[in-house]
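Residue numbers (the numbering used here), protein chains in the order written: chain G, 502 to 745; chain S, 502 to 745. Just so you know, even glycine gets a beta-carbon here, dropped at the ideal spot from N, CA and C. Below is one structure, written out as structure tokens; comments come after it.
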């Protein structure tokens, strides 16, 4: 498998897709990718004029960045037969936004199985935020608001663990809502055999064949039921998580 | 209808159910309630020994508070026929925790319709956090992690708007994830005719017949698609939200 799973598109104050550009560029170059099929379904409100316009704007925004790497971006929402577009894609890129809307639309267009099949056959896949979540067995560790009910919480199941993107340690002072760690502990309480990777902003995971590595600028936090969370530094070999 | 919909159980640093005690006491007294049927399903990890033990502990914790108001607490998880318990209840109280688990279990035990029916016939209902969310048409404005897939996102539909409990304005510095307002705007983008009440911690809504009022210590923020959010002070008459 060839995966690039990115916690977040943009750190505050930076240009869109600022910090991950070198990693995106390296991934596209490594696999000689000149065109990607873009899945914009997580982008629900980039325009007040509705979803079609929102997807158009999202495609433009990503195209402007990928043009720097001489890579074209073709959004799946232009295709009358999305599954055929998947069958012909060089690489699939899934943008962030609302995970529930992304997963709802991927099920609606019956894309989970076709995309999974292509990736298992060797097609490279890249996703950030919601796009990293969708690489997991299910969406059950997203931070997003459940603005729409998807046909199923099942996702691409490319890795055998769950990612919590935008993982953060901070909690607003004086606020009584759950911390992120508490939310993940709730997940573990009823999903005891599933591992959760807390992927902080400005970090990402790369999978190449049977190997997996943490990249970027922040340590990762691994959660398992009944065990103290463990921290892993950037550069760590995480291959054991693929085989457990 | 007789509803008490509370944003959060506990402000940081206070005793459990600290700040809302006068409101809970007043509600129980007004309707002369001496025993409540408690729904503990949102409490998934109060014990490492599993759900049954977690529910037991949750019931004890709430019982200790309600005892101050000479009110007994009977948790529904002790009943082999939960729907029968609902039919005989004086008042239903739904505790906070994980909204997805709460809604999943309420559907699993086929409790939505029986509870709704009793409330429409005049039975008082109280809920905090997830328990306030479940009074809405759906769970689609919860902040919680979707740790389990419920049969449906549909909830009790007691009020014609959505509540976002624990509404907060703060956002961790340097974090790129969505603010709460941005999440609600995503909801509105694809649910344009639904109003969302951002219910800050330390505040609550009381419904009595055809009237609704904001109570507690914080203003409320009302979100509608395409309109600037509006603020309402504690004491405000919100009855218009019941009839729109």
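For the alpha helix (DSSP H) holding residue 571 of chain S, just list the boundary residues, first then last.
-> Within the second chain, numbered from 1, the residue matching residue 571 of chain S stands at position 70. Run containing residue 571 of chain S: none; DSSP gives neither H nor E here.
Residue 536 of chain G - DSSP class collapsed to helix/strand/coil = Reading the first chain from its first residue, position 35 is the one you call residue 536 of chain G. In the structure shown, residue 536 of chain G sits in a strand (DSSP, three-state: E or B).
In or out: residue 621 of chain G buried (at least 16 other Cβ within 10 Å) or exposed?
-> Position 120 of the first chain holds residue 621 of chain G. So residue 621 of chain G ends up on the exposed side.
Indicate whether residue 538 of chain S and residue 590 of chain S have their beta-carbon atoms separated by less than 8 Å.
-> Residue 538 of chain S sits at position 37 when you count from the first residue of the second chain. Residue 590 of chain S sits at position 89 when you count from the first residue of the second chain. In this structure, residue 590 of chain S lies closer than 8 Å to residue 538 of chain S by Cβ.
Contacts that residue 621 of chain S makes with chain G (C-beta to C-beta distance below 8 Å) = Within the second chain, numbered from 1, the residue matching residue 621 of chain S stands at position 120. Here the premise fails: no neighbours, minimum Cβ distance about 24 Å.
Which residues share a DSSP beta bridge with residue 604 of chain G?
-> In the first chain, the residue the question calls residue 604 of chain G occupies position 103. Residue 604 of chain G pairs with nothing; no bridge assigned.
Burial state of residue 518 of chain G, where buried means 16 or more other Cβ atoms lie within 10 Å = As a first step, residue 518 of chain G must be located in the first chain, where it is residue number 17. When all chains shown are included, residue 518 of chain G counts as buried.
Could you list the residues in the segment 631-650 of chain G with a C-beta less than 9 Å from some C-beta on chain S, going in chain order?
-> 639, 640, 641, 642, 643, 644, 645, 646, 647, 648, 649 and 650
Nearest-angstrom beta carbon gap, residue 507 of chain S and residue 540 of chain S [assumed within contact, 8 Å] = The residue labelled residue 540 of chain S in the question sits at position 39 within the second chain. The residue labelled residue 507 of chain S in the question sits at position 6 within the second chain. Between residue 507 of chain S and residue 540 of chain S the Cβ distance is about 14 Å, and since that is not below 8 Å, they are no contact.
Nearest to residue 650 of chain S by alpha carbon, out of G:657, G:720, G:705 and G:641?
-> Taking the first residue of the second chain as position 1, residue 650 of chain S is located at position 149. Residue 650 of chain S has its Cα closest to that of G:641, out of G:657, G:720, G:705 and G:641.
In the DSSP assignment, what residue or residues form a beta bridge with residue 630 of chain G?
-> Taking the first chain and counting its residues from 1, one reaches residue 630 of chain G at position 129. Note: residue 630 of chain G sits in no beta bridge, so no partner.
Under 8 Å between beta-carbons, which chain G residues line up against residue 677 of chain S? List them in chain order, please.
-> Residue 677 of chain S sits at position 176 when you count from the first residue of the second chain. Ordered by position in chain G, the residues that pass the 8 Å Cβ test against residue 677 of chain S are 509, 510, 511, 512, 513, 667 and 702.
Of the residues S:568, S:553 and S:735, which one's Cα is nearest the Cα of residue 578 of chain S?
-> Position 77 of the second chain, counting from 1, holds the residue named residue 578 of chain S. With distances taken between Cα atoms, residue 578 of chain S lies closest to S:553.
Check each residue of the segment 557-577 of chain S: if its Cβ is closer than 8 Å to any Cβ of chain G, include it; give the result in chain order.
-> none
Residue 701 of chain G bridges to which residues according to DSSP?
-> What you label residue 701 of chain G is simply residue 200 of the first chain in a count that begins at 1. Note: residue 701 of chain G sits in a beta bridge opposite G:668.
In the DSSP assignment, find the unbroken alpha helix (DSSP H) run with residue 725 of chain S in it and report its ends.
-> Translated into positions along the second chain, residue 725 of chain S becomes position 224. Where residue 725 of chain S is concerned, there is no enclosing alpha helix (DSSP H), although the beta strand (DSSP E) it sits in stretches over 721-725.
Between the segment 700-724 of chain S and chain G, which residues of the former have a C-beta closer than 7 Å to a C-beta of the latter?
-> 702
From what residue to what residue does the beta strand (DSSP E) around residue 730 of chain S run?
-> Start at 1 with the first residue of the second chain, and residue 730 of chain S comes out as number 229. First-last of the beta strand (DSSP E) with residue 730 of chain S: 728-733.
Mind reading off the beta-carbon distance from residue 733 of chain S to residue 689 of chain S? Whole number of angstroms is fine, and I expect it under 8 Å.
-> For the purposes of this step, residue 733 of chain S is identified with residue 232 of the second chain, where counting begins at 1. For the purposes of this step, residue 689 of chain S is identified with residue 188 of the second chain, where counting begins at 1. Contact flag wrong, Cβ pair sits at about 18 Å.
Is there at least one Cβ from chain G nearer than 8 Å to residue 654 of chain S's Cβ?
-> Your numbering for residue 654 of chain S matches position 153 in the second chain. Judged by the 8 Å Cβ criterion, residue 654 of chain S is in contact with chain G.
Proximity test, Cβ basis, 8 Å: residue 694 of chain S and chain G = Within the second chain, the letter at position 193 stands for residue 694 of chain S. By this cut-off, residue 694 of chain S is not an interface position.
Cutoff 8 Å: residue 539 of chain S Cβ touching any chain G Cβ | Position 38 of the second chain, counted from the first residue, corresponds to residue 539 of chain S. By this cut-off, residue 539 of chain S is not an interface position.
As assigned by DSSP and simplified to three states, the class of residue 611 of chain S = Position 110 of the second chain, counted from the first residue, corresponds to residue 611 of chain S. Residue 611 of chain S falls in the coil class under three-state DSSP.
Interface residues of chain S around residue 673 of chain G at Cβ under 8 Å?
-> For the purposes of this step, residue 673 of chain G is identified with residue 172 of the first chain, where counting begins at 1. The answer, in chain order, is 669, 671, 672 and 673.
What residue does the alpha helix (DSSP H) around residue 582 of chain S start on, and which one ends it?
-> Here the question's residue 582 of chain S lines up with position 81 in the second chain. No alpha helix (DSSP H) holds residue 582 of chain S; DSSP gives it neither H nor E.
Between S:683, S:728 and S:698, which lies nearest to residue 714 of chain S when the distance is taken from Cα to Cα?
-> Counted from its first residue, the second chain places residue 714 of chain S at position 213. Measuring from the Cα of residue 714 of chain S, the nearest candidate turns out to be S:698.
Kindly indicate the opening and closing residues of the alpha helix (DSSP H) around residue 563 of chain S.
-> Counted from its first residue, the second chain places residue 563 of chain S at position 62. Looking at the DSSP string, the run of the alpha helix (DSSP H) that includes residue 563 of chain S is 552-567.
Could you confirm whether any beta carbon from chain S is found closer than 8 Å to the beta carbon of residue 545 of chain G?
-> Sequence index remark: in the first chain, residue 545 of chain G carries index 44 (1-based). With 8 Å as the cut-off, residue 545 of chain G counts as an interface residue toward chain S.
Straight-line gap, residue 617 of chain G to residue 745 of chain G (C-alpha atoms, nearest Å) | For the purposes of this step, residue 617 of chain G is identified with residue 116 of the first chain, where counting begins at 1. For the purposes of this step, residue 745 of chain G is identified with residue 244 of the first chain, where counting begins at 1. Computed Cα separation, rounded: 20 Å.
Identify, in the order they occur along the chain, each residue of the same chain with its Cβ nearer than 8 Å to the Cβ of residue 562 of chain G, setting aside the five sequence neighbours on each side.
-> Indexing the first chain from 1 puts residue 562 of chain G at position 61. Same-chain partners within the cutoff: 517 and 547.
What did DSSP end up calling residue 527 of chain S once you bin it into helix, strand or coil?
-> Sequence index remark: in the second chain, residue 527 of chain S carries index 26 (1-based). Helix at residue 527 of chain S.
What did DSSP end up calling residue 663 of chain S once you bin it into helix, strand or coil?
-> Here residue 663 of chain S refers to the residue found at position 162 when the second chain is read from its first residue. Looking at residue 663 of chain S - three-state DSSP - the assignment turns out to be strand.
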